[in-house]
Amino acid sequence: MECKLTLSVFRFDARTDYLAYQKKIVLSVDEEASVADVLQTIKDDEKDFGFPTDANAAIKINGAFLFTKTKIKKIIKDFGKELTLEPISARRAVKDLLINDEDFQARFDLLDAYVDAADKKRYKKLVREYYASDILKYNDDYLGDALFAFAFEMIEKHPQRQRNILEVINDPDNGIWQHINITNKLYPFDNSLEEKIDSLKNKIIKELPSSNSFVIQQTKLASVQ
């Protein structure tokens, strides 16, 4: 069944534009179509429109970070038919919904020595988790929630490397202790990331209790509970 969508689409070209702007677009689409299909429909009319097309392509719709393979009928159910489309990082936009993700890719190197080369494919699937955190707006050196989720999975896969991995994410200024909850920003909404991060914090308290003043404080709090 077809439905009419009213879209506000982020447009920006880093080569020519000083500021980004939102363009209003009204179009009819099949509810069984994906977000990627909608983006391609826009491009069919506006040939210079840029959007991600890789296996882990993601954008932001009405403030929620989601993969473009998501079905439109799910989007309509949760957000309605008036949608704002933006890149997952406006500050790193290069062409419309396309971004420069070198910062995200570089974070993998922090755990490269403790994982297998094939594990990078899994890390790339965590792009939403990385850019959804508001901490990046204030701290470019923040390790990123994607790295923490990846660390959790790699400890499960390589338990003998747990201590090494925990030491990386335990950075007092840029690591896991700076994390803030992003449950309401990752779509579909669930609490799995927060559960993983809580688990990692508990592992740090048990295995690295004297690693820094913050962990020492958390260890003391845990001991009296």
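Residue numbering for the sequence shown follows our numbering, beginning at 1026 and increasing consecutively. Glycine included, C-beta positions come from ideal geometry on N, C-alpha and C.
Query: Measure from the alpha carbon of D1055 to the alpha carbon of each residue in Y1163, D1196, T1066 and K1048, then state which is nearest.; Result: T1066
Query: In the DSSP assignment, find the unbroken alpha helix (DSSP H) run with L1110 in it and report its ends.; Result: Premise fails: L1110 lies in the beta strand (DSSP E), E1107 to E1111, not in any alpha helix (DSSP H).
Query: Run through the region 1085-1173 for me and flag every whole beta strand (DSSP E) of 3 or more residues, listed as ranges in chain order.; Result: 1089-1092, 1107-1111 and 1118-1120
Query: Tell me, to the nearest whole angstrom, how far the beta carbon of V1193 is from that of L1233; I am working on the premise that it is less than 8 Å.; Result: The pair is not a contact, with the Cβ atoms about 11 Å apart (cut-off 8 Å).
Query: What distance in whole Å lies between the Cβ atoms of I1113 and R1147, which are believed to be in contact at a cut-off of 8 Å?; Result: The pair is not a contact, with the Cβ atoms about 18 Å apart (cut-off 8 Å).
Query: Once you ignore the five residues that flank A1045 on each side, which residues in its own chain have a CB closer than 8 Å to its CB?; Result: F1035, R1036, F1037, A1115 and A1118
Query: Compute the Euclidean distance between the alpha carbons of L1108 and Q1187, then round it to the nearest angstrom.; Result: 42 Å
Query: Near A1174, what residues of its chain come up, given a Cβ to Cβ distance below 7 Å and the 5 sequence neighbours on each side ignored?; Result: L1151, E1154, L1218 and K1221
Query: Exposed or buried, S1158, counting other C-beta atoms within 10 Å across all chains shown (16 or more means buried)?; Result: buried
Query: Quick check: what's the CA-CA separation for N1125 versus M1026?; Result: 36 Å
Query: Buried or exposed: which applies to K1200, given that a residue is buried once 16 or more other Cβ atoms fall within 10 Å of its Cβ?; Result: Lys is not the amino acid found at residue 1200; the sequence shown has Gly there. That one is buried.
Query: Hey, would you say T1255 sits closer than 7 Å to V1060, going by beta carbons?; Result: Nothing about residue 1255 can be read from this structure; the chain reaches only from 1026 to 1250.
Query: Helix, strand or coil: how does DSSP classify D1055 here?; Result: strand
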